[in-house]
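Student: Here the sequence shown is numbered in the numbering used here, starting from 512 and rising by one per residue.
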Amino acid sequence: MDDTIDAVQADRELKNKHRAMWALGDYPALATDIIADLGPALVRAGRIRPGDRVLDVAAGSGNAAIPAALSGASVVASDLTPELFDAGRRRAAEVGAHVEWQQADAEAMPFADDEFDTVMSCVGVMFAPHHQASADELVRVCRPGGTISLLSWTPEGFIGQMFATMKPYAPPPPPGAQPPPLWGREDHVRALFSHRVTDVVATRKTLRVDQFRSPEDFRDYFKTRYGPTIAVYRNIADYPDRVAALDRELADLARRFDYGTGSTVMNWEYLLLTARKW
Ligand SMILES: C[S@@+](CC[C@H](N)C(=O)[O-])C[C@H]1O[C@@H](n2cnc3c(N)ncnc32)[C@H](O)[C@@H]1O
Numbered sequence: 512m513d514d515t516i517d518a519v520q521a522d523r524e525l526k527n528k529h530r531a532m533w534a535l536g537d538y539p540a541l542a543t544d545i546i547a548d549l550g551p552a553l554v555r556a557g558r559i560r561p562g563d564r565v566l567d568v569a570a571g572s573g574n575a576a577i578p579a580a581l582s583g584a585s586v587v588a589s590d591l592t593p594e595l596f597d598a599g600r601r602r603a604a605e606v607g608a609h610v611e612w613q614q615a616d617a618e619a620m621p622f623a624d625d626e627f628d629t630v631m632s633c634v635g636v637m638f639a640p641h642h643q644a645s646a647d648e649l650v651r652v653c654r655p656g657g658t659i660s661l662l663s664w665t666p667e668g669f670i671g672q673m674f675a676t677m678k679p680y681a682p683p684p685p686p687g688a689q690p691p692p693l694w695g696r697e698d699h700v701r702a703l704f705s706h707r708v709t710d711v712v713a714t715r716k717t718l719r720v721d722q723f724r725s726p727e728d729f730r731d732y733f734k735t736r737y738g739p740t741i742a743v744y745r746n747i748a749d750y751p752d753r754v755a756a757l758d759r760e761l762a763d764l765a766r767r768f769d770y771g772t773g774s775t776v777m778n779w780e781y782l783l784l785t786a787r788k789w
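Quick look at the structure:
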């Protein structure tokens, strides 16, 4: 009994830490400035139709939820970090989209079994630490015959490599937590869903990123706006040599992916996967 209470308490503390991390910086600005094309891409892949009831898991400020609502669906945007919802509400109002916002941990969602026609997540559910628990929830809240559609950064792609670069500078992950970019591997996702889904279609694609003037500009943008990067820099703030080393490594990473002439142009790889619940 005590062990169960300790585990529940430890999970609550971990999720509070994750929530605080995603509230750092300005994630909604990054979603708008850099990855705005991904939300509509996921909505198209999920073939969302007017009148569908759609759940966006780990929705942030509504990158996928808002275009889904604009396509006529009835959309719930859920996320661990409600601090991101105000920006989402403003954006939804600007474009005339109606979205319902609800705080929820992807690993234990407050929704009924079989409640949604489509359950989707845009580079979102991949950041919940216990992959099987999240996958079980995605399947549980999707109706039989409904669609689960996921867009996830791959381990080999730019953001996967950015997390690999930051790892030696980050605190050790808590026991049982799995690396986010595993969701970018088709075999991993197939194993998580197992026999509970059919018609799995998975394609690797890339997002063209040309908003940065230089590799250093990319690094400084992420250092001030992206919660996970800000948190890693906070972890090493007392060690100027390590800060300088991470500064160098992040800029070098962007240099390796940069094929622009003049300003920086990169292709960031992701896996787009759709499946139907049995
Ligand atoms: C990279 S952002 C993606 C947000 C949005 N889907 C988009 O495309 O811009 C990752 C999101 O995952 C959310 N998140 C992290 N852990 C979560 C969890 N356990 N349950 C629900 N959301 C979580 C964060 O709060 C953050 O909004």
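Here a beta-carbon is modelled for each residue, glycine too, at the ideal position from N, C-alpha and C.
Give me the residue from D728, P686 and P692 with the minimum Cα distance to G668.
Tutor: It is P692 whose Cα lies nearest to the Cα of G668.
Student: Which stretch, first to last residue, makes up the beta strand (DSSP E) that contains K788?
Tutor: M777 to K788
Student: Tell me the rounded alpha-carbon separation between R753 and D710.
Tutor: 47 Å
Student: Tell me the rounded alpha-carbon separation between F768 and W779.
Tutor: 9 Å
Student: Short of 7 Å in beta carbon distance, which residues of its chain neighbour R600, apart from the five on each side in sequence? Order them along the chain.
Tutor: W612
Student: Residues bridged to E611 by DSSP?
Tutor: V587
Student: Near A762, which residues of its chain fall below 7 Å by C-beta distance, leaving aside the five closest residues on each side in sequence?
Tutor: P726, E727 and R730
Student: Judging by CA-CA distance, which residue of F674, A556, P578 and G635 is the nearest neighbour of T793?
Tutor: Absent from the model: residue 793. The displayed extent of the chain is 512 to 789, so no value can be given.
Student: Ligand 1 and D616: does the residue's C-beta get closer than 7 Å to at least one heavy atom of that ligand?
Tutor: yes
Student: Taking C-beta to C-beta, are E452 and A534 nearer than 8 Å?
Tutor: As shown, the chain starts at 512 and ends at 789. That puts residue 452 outside it, with no answer to give.
Student: Between L718, P679, L783 and I559, which has its C-alpha nearest E760's C-alpha?
Tutor: P679
Student: For V630, name the three-state secondary structure that DSSP assigns.
Tutor: strand
Student: Closer than 7 Å to a non-hydrogen atom of ligand 1 - does that hold for the CB of K526?
Tutor: yes
Student: Excluding sequence positions up to five away, which residues of its chain have a Cβ less than 7 Å from the Cβ of L764?
Tutor: Q672, M673 and T676
Student: Can you tell me whether I577 is buried or exposed, with buried defined as 16 or more other CB within 10 angstroms of its CB?
Tutor: buried
Student: Taking all protein chains shown into account, decide if H529 is buried (16 or more other Cβ within 10 angstroms of its Cβ) or exposed.
Tutor: buried
Student: Rank Y732, T629 and S589 by C-alpha distance to the C-alpha of L784 and give the top, closest one.
Tutor: T629
Student: In terms of residue numbering, what span does the alpha helix (DSSP H) encompassing R753 cover?
Tutor: Unbroken alpha helix (DSSP H) run through R753: P751 to F768.
Student: Where in the segment 667-727 do unbroken runs of the alpha helix (DSSP H), each at least 4 residues long, occur, reported from the N-terminal end onward?
Tutor: 669-677 and 697-704
Student: With R602 as the anchor, note down where its alpha helix (DSSP H) starts and where it stops.
Tutor: Segment F596 to V606, the alpha helix (DSSP H) holding R602.
Student: Excluding the 5 residues flanking A646 on each side, which residues of the same chain have their C-beta closer than 7 Å to its C-beta?
Tutor: Cβ within range, chain order: L703 and F704.
Student: Can you list, in chain order, the residues of its chain with a C-beta nearer than 7 Å to that of G656? Leave out the 5 residues immediately preceding and following it.
Tutor: R787 and K788
Student: Check whether the Cβ atoms of A580 and V610 sit closer than 8 Å, and answer yes or no.
Tutor: Yes, the pair counts as a contact, with Cβ atoms nearer than the cut-off.
Student: Skipping 5 residues on each side, what residues in its chain have a beta carbon closer than 6 Å to that of H641?
Tutor: E618
Student: Could you pull the DSSP bridge partners for R564 from this structure?
Tutor: Looking at the DSSP output, R564 sits in a beta bridge with S585.
Student: Name the one or two DSSP bridge partners that I659 has.
Tutor: V630 and A786
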